[in-house]
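Novice: Let me give you the structure first, and then I'll get to my questions.
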Amino acid sequence: SDLKVRIHAPRFIQQFFVKLSHISLSAPPAVLPPPIKMIREPTLEGSPTHEEKGNTGPKIRDVLGNELTDAQIEQRESEKSLKSMSGSVRTILESVGEDPDREGLEKTPMRVAKALRFFTSGYSQKLEDLVNGAVFRESHREMVVVRDIDVHSMCEHHMVPFIGKAHVAYLPRDNIIGLSKLARIVDMYARRLQVQERLGKQICHAIQSVLDPVGVIVVIECMHMCMVMRGVQKHAASTTTSSALGKFVDDDRVRSEFFNHLSRRPFGR
Numbered sequence: 285s286d287l288k289v290r291i292h293a294p295r296f297i298q299q300f301f302v303k304l305s306h307i308s309l310s311a312p313p314a315v316l317p318p319p320i321k322m323i324r325e326p327t328l329e330g331s332p333t334h335e336e337k338g339n340t341g342p343k344i345r346d347v348l349g350n351e352l353t354d355a356q357i358e359q360r361e362s363e364k365s366l367k368s369m370s371g372s373v374r375t376i377l378e379s380v381g382e383d384p385d386r387e388g389l390e391k392t393p394m395r396v397a398k399a400l401r402f403f404t405s406g407y408s409q410k411l412e413d414l415v416n417g418a419v420f421r422e423s424h425r426e427m428v429v430v431r432d433i434d435v436h437s438m439c440e441h442h443m444v445p446f447i448g449k450a451h452v453a454y455l456p457r458d459n460i461i462g463l464s465k466l467a468r469i470v471d472m473y474a475r476r477l478q479v480q481e482r483l484g485k486q487i488c489h490a491i492q493s494v495l496d497p498v499g500v501i502v503v504i505e506c507m508h509m510c511m512v513m514r515g516v517q518k519h520a521a522s523t524t525t526s527s528a529l530g531k532f533v534d535d536d537r538v539r540s541e542f543f544n545h546l547s548r549r550p551f552g553r
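Take the numbering used here: the last position of the sequence shown gets the number 553, and nothing is skipped along the way.
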């Protein structure tokens, strides 16, 4: 007679093999649930977008457990940054022998922190957002010059101001830009820790990337407080720099036309 071997196993294992024996081999594979999407935590540099987060929303919550929006997260990080800067200013005041708790200086650390935030606000701006679509198709082919744009920036070597004027010109190819946007582009790059040479180059390349003109030129004239208030202390010294692309580099006649515009008496003066 056949030898029958009985395997002693727990009932739930026996039930599993019984169910397994009834599964048809020709049946379609079971549909598995989608894998769990890992959510990246927001960072100080910039929170991920809602598309990156999926449908679960931000990971950061308030004390009541409510999810914070990207704007609220940014505001929280901004306040944390201001508090940190304010503490650093207080340390500076103490280091120079002042009492940061006296009446005149009591609120100075936070005032300085907010001022520095404004002076360096260009770091938080984006060229695309600043231009905001103000680029228009136009058949104009002659030079566009915007002169005497105020420049207020901070020398990155001593963190003291340099101030002056910027003169911007471009030769359109197919597009022109809203004139105020040229001044805003100057401000965006000026409101950072800068050197004048790099400032002009950044403005020049920004206009080139937005308009793709035939040529761009930027001339900046500034007085640097690091040469006036300290060091050589030359009160009458000023610095002129230029940065050019395209026709303003290759064609002397185009370059001369631009400087002829600058030599004329400004309108209304």
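Glycine is no exception: its CB is placed at the ideal position from the N, C-alpha and C atoms.
1. Is it buried or exposed for V435, if we count other Cβ within 10 angstroms and need 16 for buried?
2. Going by alpha carbons, who is nearest to G448 out of D385, R549, M509 and M369?
3. Is there at least one non-hydrogen atom of the ligand SAM closer than 7 Å to the beta-carbon of Y454?
4. What's the gap between the Cα of F446 and the Cα of N350?
5. Identify whether E390 lies in helix, strand or coil by the three-state DSSP scheme.
6. In or out: Q359 buried (at least 16 other Cβ within 10 Å) or exposed?
7. Do Q478 and E505 come within 8 Å of each other at the CB atom, strictly closer than that value?
8. Compute the distance between the beta-carbons of F402 and M438, then report whether it is under 8 Å.
9. Please classify F543: does DSSP put it in a helix, a strand, or coil?
10. L455 and G484: beta carbons closer than 8 Å?
11. Return the residue from the list V512, K465 and E378 that minimises the CA-CA distance to T523.
12. Who does F420 pair with in a DSSP beta bridge?
13. With distance defined between alpha-carbon atoms, name the residue in V428, V396 and L352 nearest to L495.
14. Quick check: the Cα distance between R537 and V419, rounded to an integer number of angstroms?
15. So, is I376 buried or exposed, given that buried needs 16 or more other C-beta atoms within 10 angstroms?
16. Look up V533 in the DSSP assignment and say whether it is helix, strand or coil.
17. Along the beta strand (DSSP E) that carries D434, what are the first and last residues, could you check?
18. Where does L352 fall in DSSP's three states?
19. Within 8 Å, do at least three Cβ pairs link the segment 463-474 to the segment 519-533?
20. Have a look at D534, I487 and V415 and flag the residue whose alpha-carbon is nearest the alpha-carbon of S527.
21. Under the DSSP definition of a beta bridge, which residues are partnered with F446?
22. Does DSSP classify G499 as helix, strand or coil?
23. Tell me the rounded alpha-carbon separation between M472 and L414.
Specialist: Quick answer:
1. It is buried - the Cβ of V435 has at least 16 other Cβ atoms within 10 Å.
2. Ranking the options by Cα distance to G448, first place goes to M509.
3. The model on display carries no ligand, and the ligand SAM is accordingly not part of it.
4. When rounded, the distance between both Cα atoms is 45 Å.
5. Note: E390 maps to coil in three-state DSSP.
6. Answer is exposed; the Cβ neighbour count stays below 16.
7. No.
8. No.
9. In the structure shown, F543 falls within a helical segment according to DSSP collapsed to helix, strand and coil.
10. Taking the C-beta atoms as reference points, G484 is found no nearer than 8 Å to L455.
11. That would be V512, whose Cα lies nearest to the Cα of T523.
12. Bridge partners of F420: I460.
13. Of V428, V396 and L352, the smallest CA-CA separation from L495 is found for V428.
14. Cα to Cα, R537 sits roughly 27 Å from V419.
15. A residue is called buried once 16 or more other Cβ atoms fall within 10 Å of its Cβ, and I376, having fewer, is exposed.
16. In the structure shown, V533 sits in a helix (DSSP, three-state: H, G or I).
17. V428 to C439 is the extent of the beta strand (DSSP E) around D434.
18. In the structure shown, L352 sits in coil (DSSP, three-state: anything other than H, G, I, E or B).
19. The segment 519-533 makes no contact with the segment 463-474: fewer than 3 CB pairs, one atom from each, lie closer than 8 Å.
20. When each option's Cα is compared against that of S527, the closest is I487.
21. In the DSSP output, where bridge partners are listed per residue, F446 has S437 and H508.
22. Here G499 carries a strand assignment [DSSP, helix/strand/coil].
23. Between M472 and L414, the C-alpha separation is close to 9 Å.
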